[in-house]
Structure formats: C-alpha cells, structure tokens
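Position one of the sequence shown corresponds to residue 3 (our numbering), numbered consecutively onward.
Yeah, the Cβ is synthetic: ideal placement off N, Cα and C, and Gly gets one too.
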Amino acid sequence: MGNKFSYHFHNLNSVLFMVEEINPYDVAKAQIDIVAKEMGLEKNIAEYLKRIERALIVTIPIIMDDGSLKIFEGYRVHHSTVRGPGKGGIRFSMEVTLDEVKALATWMTWKTSLLNLPLGGAKGGVRVDPRKLSFKELERLTRRYTAEIINVIGPDIDIPAPDINTNSQIMAWMMDVYSMQKGRSIPGVVTGKPVEIGGSVGREPATGMGMYYVLQALCEKMNLDLKSQRIVIQGLGNVGGTIADILYKEGCKILAVSDISTGIYCEDGLEIDKLLEWAKARNALIDYKNDNYKFITNHELLTTKCDVLIPSAIENQITQANADKIDCKIIVEGANGPTTPEADKVLFKKGIRVIPDILANSGGVCVSYFEYIQDINSYFWKLDRINAELKSIIIEAFEETYKISEERKIPLRTAAYIIAVSRIAKAIELRGFFP
Ligand code: GLU
Numbered sequence: 003m004g005n006k007f008s009y010h011f012h013n014l015n016s017v018l019f020m021v022e023e024i025n026p027y028d029v030a031k032a033q034i035d036i037v038a039k040e041m042g043l044e045k046n047i048a049e050y051l052k053r054i055e056r057a058l059i060v061t062i063p064i065i066m067d068d069g070s071l072k073i074f075e076g077y078r079v080h081h082s083t084v085r086g087p088g089k090g091g092i093r094f095s096m097e098v099t100l101d102e103v104k105a106l107a108t109w110m111t112w113k114t115s116l117l118n119l120p121l122g123g124a125k126g127g128v129r130v131d132p133r134k135l136s137f138k139e140l141e142r143l144t145r146r147y148t149a150e151i152i153n154v155i156g157p158d159i160d161i162p163a164p165d166i167n168t169n170s171q172i173m174a175w176m177m178d179v180y181s182m183q184k185g186r187s188i189p190g191v192v193t194g195k196p197v198e199i200g201g202s203v204g205r206e207p208a209t210g211m212g213m214y215y216v217l218q219a220l221c222e223k224m225n226l227d228l229k230s231q232r233i234v235i236q237g238l239g240n241v242g243g244t245i246a247d248i249l250y251k252e253g254c255k256i257l258a259v260s261d262i263s264t265g266i267y268c269e270d271g272l273e274i275d276k277l278l279e280w281a282k283a284r285n286a287l288i289d290y291k292n293d294n295y296k297f298i299t300n301h302e303l304l305t306t307k308c309d310v311l312i313p314s315a316i317e318n319q320i321t322q323a324n325a326d327k328i329d330c331k332i333i334v335e336g337a338n339g340p341t342t343p344e345a346d347k348v349l350f351k352k353g354i355r356v357i358p359d360i361l362a363n364s365g366g367v368c369v370s371y372f373e374y375i376q377d378i379n380s381y382f383w384k385l386d387r388i389n390a391e392l393k394s395i396i397i398e399a400f401e402e403t404y405k406i407s408e409e410r411k412i413p414l415r416t417a418a419y420i421i422a423v424s425r426i427a428k429a430i431e432l433r434g435f436f437p
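Rendered as structure tokens:
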C-alpha cells in the first residue's frame, strides 16, 4: 500500500488530521481480495470487480467573481451498474482524486447490494476547496460540472447525491441544469434535493438514523444498554452531527467530538446541544469556550477510552499506525473507508466489533432510493413511512450480516462483503458477458 509511514498533513481537516498516504482504491481492492478468499470467489470475477465500468474526467473552467479564470478537475465514476443504475454522492474537496472516487464508487456498489436495492455503485467529485468560493462561484462550479457529466447521469443511468461538502442546494442546481437541458423537470436525476422540488422528508438525517438503528441492534446482541455507552465521534458534519444529536438525546454520554479545527473532550460528557448549535452557525470548535473542556488532537480523539467510537469524517483514519491503541468495544463507521484492512485485523484480534461503512452509513443511500422512487411515481411518503421502511431494510441487512459473522467467526465487514459481493457475482453470472 506504499509509504505507510510517511505522513502528510490533510488539507481538508487541518493539522490535526494527519493521514497516512494510503490510496483508498488500494484499500477497496484489498477488501475484494479478502472476501474473494473467504467465499472462494472465482479469480477472474474478483479481478473484474476490482475494475470500474467507466470513469469520466472533466475540466471545469470558472470565471471567478473578480473576473479571473480558475480551472478545476472533476470526475464521475461508475463502478458497477449490473444490478441497476449507478448511485452515489458527489464530493467537493481538495483530497478528491480519480483513485479516491473509484474507491468510493466501489464501496457504493457493495452498499446498495448489501441493502438489496436495485441500484449500482457510482461516485463523483471535484478537487476544490469550496470554503474558498463565494456562493455564486459555487453555483457556477456545480452547474458547469453537471453540464460536463450530463451524458453519464440520469434517472435510469446514474443518480448523484450529496457527500462531503455538498448539500441539498447543490443538488437543486444539478437538477436544474439537467432539467433545462432535457426541456422538462426531471427530479429523479439526483437525490438529497430540497423537499420543495422533489426531495424526500427524512433524507438529511437518514445516515445518522441508520447508524442509530444498527448500533442499537448490535448493543442488543452484545447485551449492552445503549444509554450507558460512552461515545466518541470524529467529524460533526451531516453524519457525525446527526448521530451526536440522536445519541445525546438518547441519554448517552458523548466524551469527545471533533471538527476540522480540533477535537474537544470532557470526561463528564459534552453538552452536545450547545456544540451543535455552535457548529451549525459555522463556528469552529477551536473557538468554543468552556473551561471544563480540553482540546485534543485527532490521534488523542481516536484513541480515547470509550465504548463506541464513531469515525464520521474521511478515509484512512484507523490504520496500522493507531489500531492497537484504539480502546473501545464498538466502532460504527459513519465515514466511508475509515479503517484499513491492516487495522481491521488488529481490531478483530482485540475483539472490537466494527459495524462496517457499507452497513453503518447505508441509511443515506437507502432514503435516497426512497426519494428516487417517490420522484418516479410522483407520490410522496410521510416521515413515519420513511423511517419505518429504512429501519426494516437496514435491520434485515444487519441481521443477515451478524448471522454470517457469528457462524463463520469473521468480522462484520467480511460478512457484509460476502452478502454484497455474492449478489453482484450472481447478477454477473445471470447476465453473462456481452457480446
Ligand atoms: N454520499 C452518501 C454515501 O456515501 C449517499 C449516497 C447516495 O445517497 O446516493 O452513501
């Protein structure tokens, strides 16, 4: 995996997030090897699954507010459309590379397959620091990016959604560009839209809700009372912020949280309601004043003794370099790809249960799927129905995963991959290879 111990500072997350130079696509491919071995998958199929179906690289020239020209690079990758149209978010960040997007697209394939949704796996991104753009520049960037990828997206081709640093407003612009080009309103081209233009109620908190349902289910299996678990959360974005809010309201003690500026710790538990209000107003945690709170580094945050650790930021956070120092019972992966395969081995030996990303954070794409079918049918569901169907789908996937992991005495990740990869392999077998 190359340069394992050469650290560089992670731009997106400031000096506190030191990230090893690990290529996420190498991680995604290594995970395929692990499951292929476990399930005896045919070698050629495993090799095929390590490839992406197609990738589009686009150049995005933008006239900035001051009249100057800036050029950005963007991507849209389809890993697999064998079980249905591509599905996956769009990320705006300086860390975006073609290989990162390939990895994220691959993980989307496993995620939709694990939930048995009739969708494939895709992902997109633009290498840009959106904090450096004005609102109007962000709109122009989004619109031009959409125009550049217009031929590879569509309700029956590939359906984008929000991811890191993208939101419902960005989805609204994408839907508008697509619809204007086609000459009619086509809300089903993207999910995670504002409710007023065909978005779904419950989509925004869906990832956090799904994490809550699977954590609750695992606690039951382990005879743990969720309320008395001490929690540490990395990242306070849509995913980390929502799960922090849910667990705080549940009565859990949240010992530490972090954002891009710092980690913050309090042995007696943080006042999450106040911190979330602070974060929502676009304030950095480093500026938060409370004499009982201690500022901590990313490394200290991840290795804080707790019961449940919830990495909800970016890839490659739990690695060979810190896995043996992780001190918790359960890890719930809110982020995509936060744990490397080497770290997985260490965590498994230590008896830490990891609810893998493709299960833990699948609530988002699950409600995206609900949004998509609501758009196609022009019939919208109430929140009760959204949450009930989300819970039923994610808990079914959890139970299947848990059963396989117990029977085979393997990590939850490998079990989840067995289910997801088997469905893809079966679909490939049934369809055969064209021509
Ligand atoms: N970006 C989210 C994810 O990584 C949601 C994708 C979607 O809803 O299509 O799962």
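Residues near residue 8 in its chain [Cβ-Cβ closer than 6 Å; skip 5 each side]: Unreliable placement is indicated for residue 8, whose pLDDT of 31 sits below 50; no coordinate value is reported for it.
Closer than 7 Å: residue 196 CB and nearest the ligand GLU heavy atom: Not under cutoff, so the answer is no.
Quickly, what does DSSP pair residue 1 with across the bridge? List them, please. In the structure as shown, the chain starts at 3 and stops at 437, and residue 1 therefore has no counterpart that could be examined.
Which class does residue 4 belong to by DSSP, given the choice of helix, strand or coil? Only weak support exists for where residue 4 lies, its pLDDT of 34 falling under 50; the coordinates are left without a value.
Cβ of residue 334 versus every heavy atom of the ligand ADP: is any distance shorter than 7 Å? Summarising the ligand content, the structure contains the ligand GLU and does not contain the ligand ADP.
For a test of your reading of the model: does the CB of residue 169 fall under 7 Å from any non-hydrogen atom of the ligand GLU? Yes or no. No.
Skipping 5 residues on each side, what residues in its chain have a beta carbon closer than 6 Å to that of residue 68? None.
For a test of your reading of the model: does the CB of residue 99 fall under 7 Å from any non-hydrogen atom of the ligand GLU? Yes or no. Incorrect: residue 99 has no Cβ contact closer than 7 Å to the ligand GLU.
Rounded C-beta distance between residue 340 and residue 32? I'm assuming under 8 Å. Actually they do not touch by this definition, with Cβ atoms about 15 Å apart.
Could you say if the segment 200 to 209 and the segment 275 to 287 meet the contact criterion of at least three C-beta pairs nearer than 8 Å? Pairwise C-beta distances place the segment 200 to 209 out of contact with the segment 275 to 287, as fewer than three of them are shorter than 8 Å.
Just to confirm my understanding: we take residue 232, look at its own chain, exclude 5 residues before and 5 after, and list those with CB closer than 6 Å. What are they? Taken in chain order, the residues that qualify are 255, 257, 308 and 309.
Taking DSSP's pairing of strands, which residues face residue 75 in a bridge? Secondary-structure assignment with DSSP links residue 75 through a beta bridge to 61.
Under the criterion of a Cβ to heavy atom distance below 7 Å, does residue 158 qualify as lining the ligand GLU? No, the ligand GLU has no heavy atom inside 7 Å of this Cβ.
Check: residue 377 C-beta below 7 Å from any heavy atom of the ligand GLU: Flag unset: Cβ of residue 377 not near the ligand GLU.
How big is the Cα-Cα spacing for residue 72 and residue 139? Rounded to whole angstroms, residue 72 to residue 139 spans 10 Å at the Cα level.
Taking all protein chains shown into account, do 16 or more other C-beta atoms lie within 10 angstroms of the C-beta of residue 88, making it buried, or fewer, making it exposed? By the neighbour-count criterion, in which 16 or more other beta carbons inside 10 Å mark a residue as buried, residue 88 falls on the buried side.
Between residue 425 and the rest of its own chain, which residues show a CB-CB distance below 6 Å, the 5 nearest in sequence each way excluded? Contacts found: 115.
If we count the other Cβ atoms within 10 Å of its Cβ and call it buried at 16 or more, is residue 59 buried or exposed? Exposed, by the Cβ-count rule.
Assess contact between the segment 408 to 420 and the segment 229 to 243, defined as three or more Cβ pairs (one per stretch) separated by less than 8 Å. Is contact present? Cβ pair count under 8 Å is below three, so no.
Using DSSP bridges, identify the partner residues of residue 236. As a beta-bridge residue in DSSP terms, residue 236 pairs with 260 and 313.
Could you check which residue in 276, 218, 386 and 423 has the C-alpha nearest to that of residue 362? Of the residues 276, 218, 386 and 423, the one whose Cα lies closest to the Cα of residue 362 is 218.
In the DSSP assignment, the alpha helix (DSSP H) including residue 381 goes from what residue to what residue? Premise fails: residue 381 is in no alpha helix (DSSP H) and is neither H nor E.
Determine the direct distance from the alpha carbon of residue 422 to that of residue 37, and round the result to whole angstroms. Computed Cα separation, rounded: 10 Å.
How is residue 125 classed by DSSP in three states: helix, strand or coil? The three-state reading of DSSP puts residue 125 in strand, counting E and B together.
Proximity of residue 161 and residue 183 at Cβ, strictly below 8 Å: For residue 161 and residue 183, no; Cβs fall outside 8 Å.
Is any heavy atom in the ligand GLU found nearer than 7 Å to the beta carbon of residue 370? Under cutoff, so the answer is yes.
What's the call for residue 91, buried or exposed, on a 16-neighbour Cβ count within 10 Å? In summary, residue 91 is buried, with 16 or more beta-carbon neighbours lying within 10 Å of its beta-carbon over all protein chains present.
Can you grab the Cα-Cα spacing for the pair residue 380 / residue 180, in whole Å? The alpha-carbon atoms of residue 380 and residue 180 are separated by roughly 18 Å.
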